[in-house]
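Residue numbers (our numbering): 188 to 971.
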């Protein structure tokens, strides 16, 4: 552009004024023509005369946007279509591909073409066939106000000799813009579609007038038109993406924060190249590479992407301007921050010997790329609210997989070169003071991350030897924080009222049961927060201490030092407690001490790894507890699970059909069949159940359910966060009697249900009817 301005400045003001007046007059007449043939037949001489050109060609973009075409006169009244692919194999194709004005002094001079671009070619065969020798060329892309390529203006051979002037170059750009408007209008008349956003109008997302207003606002505010559509007209990115997909005939690829960086294909692609050329590889499954671009048509018309990636099977997709830049930031990071992509790029350039040296120097090289990579993995996991980090090496040259557990589901995070499988495990072992030379036995340790990174968290680390001499690492993030209030645990009103009544008792024993990761510790700390007053002395024994509260005296279990749960429990009884919380009761001595404490005037809270509330009682009796002492001490048992919560921003409401409602009620009532009411008259009981649930959760005498859909906020999963499912069995007289008589689980369950208890599945189905989750999640976590 600077050269163009300088050359234009050499023209005299009067010559420039005359040139621009003629240009304006021709532009006005172009808008009045009905088609491209009229321009070529009636106005070609004027245009050639304005630019002092011997020949003129006007190309229009083909409907599939993969080539440009013009009509060539072959006889007195006959024409034939002549097309060129949009690629560097021709001057016009190169201009269409790269959208830049070219002013070439000699198209037969390879050195001049190489200076412009090494891939640029001139189709000399056309000159050989026609006998016409092309020399100078002035070629400009016809791009409309929406940024869409509509065609190419090509002027051949300057009649005055030498290259076209700077003023001509400037005028060619203006003339090409005029042609773009004319070509777009004719395209709209023939197809009804003028721009990439016209499908928003045809789909009634916005009106034609609103689209025109958005275009004007885009020019006035100097913002991208998509930004205007989103901010000023509340058009969703998904609607814009679908419009682009229909316009280009390529799939829409929305932004997903959970996308895994395809490190292999991005290894040699710099961010500047990606942003300049507006295309980005987003997936690589080994068989094909998926590439996204706001304008994929120009990429698919040539093989430049395949040549750069050195991959034959490339699938093109489109996306919005904003989402494209979000994807670039996801893989490359913001300029001010160090991102996982930058770290992987730096270590992927290393070879095997570099990786081996890293193992030796890890303890000393605090600024080593791999050290920063491990820190980055941990900080990203914490930022994404992951509960666990899984580092999984594979044999041979297969890359190390890193996965996060988020909301109970494992999701891919990134891949690390195979040469670093020993180094990354060694680094983690050093952080938690484990033996880096021992690779044949499992090891456990802890990382106090504040020593190494900006986040004050603790991680519980487990290393396990796996097949082929590999060693896996799993890190559980133990983020210290404030306890949740009881009101935010997701307890039903029935469960919450009875739980508050139970934990308000001065003595007795209460259990929270469920598998690992079901939120037992969170629930216990919520209970402790509810009863934590200055009048109470509360001791806790935990492994590890995850949640801290002022007023609690918390003891960290240390088995290496001989400080296990049983030892701490005995010590607590000599420390004047009012409330004792034990992280886990897994042996006879701990349970017996807990029951003894509860019978001597203390409130004891603990957890068990059992499936349901009635089964917990049987488990404790099988551990050798005296049934009479145990029944006297028992306050209640709360079984718990965590199910994924539907995303509140995108969940989709629907009215279930009769078959789905019947199946839902059948699942709800499965365990009720053992109660007296259902044994006496199951049909009446089912009618009463339907009426009761309709009254509590129905709308206009109908059930209303929700299903997962997916949006940017939930990474297109349809779920965000988790909610608790609860089964609370209280220690009533009837339950205590069954404990004393060592009754079966089925009898205890039937009695608890008759007294108002709701099983885990029943509580889950009620939360489905409230629109909090769906039956798929309930069936996954509530199994017999």
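From the three backbone atoms N, C-alpha and C, an ideal C-beta is built for every residue, glycine too.
Per DSSP, what kind of secondary structure is residue 339 in: helix, strand or coil? strand
Inter-residue CB distance, residue 764 and residue 796 (contact presumed, cutoff 8 Å): Rounded, the Cβ-Cβ distance is 24 Å, inconsistent with contact.
Start-end ranges of the alpha helix (DSSP H) lying completely within the stretch 291-340, minimum 4 residues: 297-303, 311-317
Which whole-angstrom value describes the C-beta separation of residue 718 and residue 690, a residue pair presumed to lie in contact below a C-beta threshold of 8 Å? 6 Å
Quick one: measure Cβ to Cβ for residue 696 and residue 820, integer angstroms, because I've assumed they're closer than 8 Å. With a Cβ gap of about 5 Å, residue 696 and residue 820 count as contacting.
Reduced DSSP category for residue 240 - H, G, I as helix; E, B as strand; rest coil: Residue 240 falls in the strand class under three-state DSSP.
Short of 6 Å in beta carbon distance, which residues of its chain neighbour residue 537, apart from the five on each side in sequence? Order them along the chain. Below a pLDDT of 50, predicted positions are generally treated as unreliable, and residue 537, at 49, falls in that range; no measurement from the model is reported.
Compute the distance between the beta-carbons of residue 755 and residue 743, then report whether it is under 7 Å. no
Output yes if chain D places a C-beta closer than 7 Å to the C-beta of residue 823; else output no. The question asks about chain D, but that chain is absent: this structure has only one protein chain.
Check whether the Cβ atoms of residue 213 and residue 229 lie closer than 7 Å to each other. no
If I measure Cβ to Cβ from residue 263 and keep anything under 6 Å in the same chain, skipping five residues before and after, which residues do I get? Confidence in residue 263 is poor, its pLDDT being 45 and thus under 50, which makes the residue's placement unreliable; the coordinate value appears in the next sentence. Closer than 6 Å at Cβ, skipping near neighbours: no residue.
Of all the beta strand (DSSP E) runs that stay within the bounds of the stretch 460-522, which reach a length of 3 or more residues? 467-471, 476-480, 501-505
Give the secondary structure of residue 955 by DSSP, where H, G and I count as helix, E and B as strand, and everything else as coil. Residue state, collapsed to three classes: helix.
Which value, in whole angstroms, describes the spacing of the CA atoms of residue 473 and residue 559? 28 Å
Does the distance from the C-beta atom of residue 605 to that of residue 557 stay below 7 Å? no
Roughly how many whole angstroms lie between the Cα atoms of residue 275 and residue 456? So the two alpha carbons sit approximately 20 Å from each other.
For residue 814, I'd like the list of residues in its chain whose CB is within less than 7 Å of its CB, leaving aside the five on either flank, ordered along the chain. 808, 926, 927, 929
Mark residue 672 as exposed unless 16 or more other C-beta atoms lie within 10 angstroms of its C-beta, in which case mark it buried. exposed
Can you name the residues that DSSP bridges to residue 732? Answer is none; residue 732 lacks a bridge partner.
Hey, would you say residue 439 sits closer than 7 Å to residue 428, going by beta carbons? yes
So what's residue 257 in DSSP terms, helix, strand or just coil? strand
Reference residue 745, options 594, 633, 603, 237, closest by Cα: 633
Which residues share a DSSP beta bridge with residue 727? 741, 768
Selection from 586, 483, 443 that minimises the alpha carbon distance to residue 901: 443
So does the stretch 944-951 actually touch the stretch 877-897, counting three or more Cβ pairs closer than 8 Å? no
Any heavy atom of the ligand NAD closer than 6 Å to the beta-carbon of residue 777? As far as ligands go, the structure on display features none, and thus does not contain the ligand NAD.
Taking the beta carbon of residue 211 as the centre, do at least 16 other beta carbons fall within 10 Å, making it buried, or is it exposed? Exposed.
Determine, using beta carbons only, whether residue 608 and residue 629 come nearer to each other than 7 Å. For residue 608 and residue 629, no; Cβs fall outside 7 Å.
Check for me: the beta strand (DSSP E) holding residue 630 runs from which residue to which? Residue 630 -> beta strand (DSSP E) spans 630-635.
Quick test of your reading: residue 309 and residue 325, contact by CB under 8 Å. State the CB separation rounded to the nearest angstrom. So it is not a contact: roughly 14 Å between Cβ atoms.
Going along the chain, which residues of its own chain have a beta-carbon closer than 6 Å to the beta-carbon of residue 921, five neighbours each way excluded? Excluding sequence neighbours, residue 921 sits near 938.
When the Cα of residue 963 is compared with those of 941, 753, 832, 861, which residue comes out closest? Looking at 941, 753, 832, 861, the one whose alpha-carbon comes closest to that of residue 963 is 832.
Quickly, what does DSSP pair residue 826 with across the bridge? List them, please. According to DSSP, which records beta bridges pairwise, residue 826 is partnered with 700, 914.
Note down, in chain order, each residue of its chain lying with its Cβ closer than 6 Å to the Cβ of residue 452, except the 5 sequence neighbours on either side. 468, 471, 476, 496
Who are residue 577's beta bridge partners in DSSP? Looking at the DSSP output, residue 577 sits in a beta bridge with 590, 661.
What number of angstroms, rounded off, separates the C-alpha of residue 415 from the C-alpha of residue 432? 19 Å
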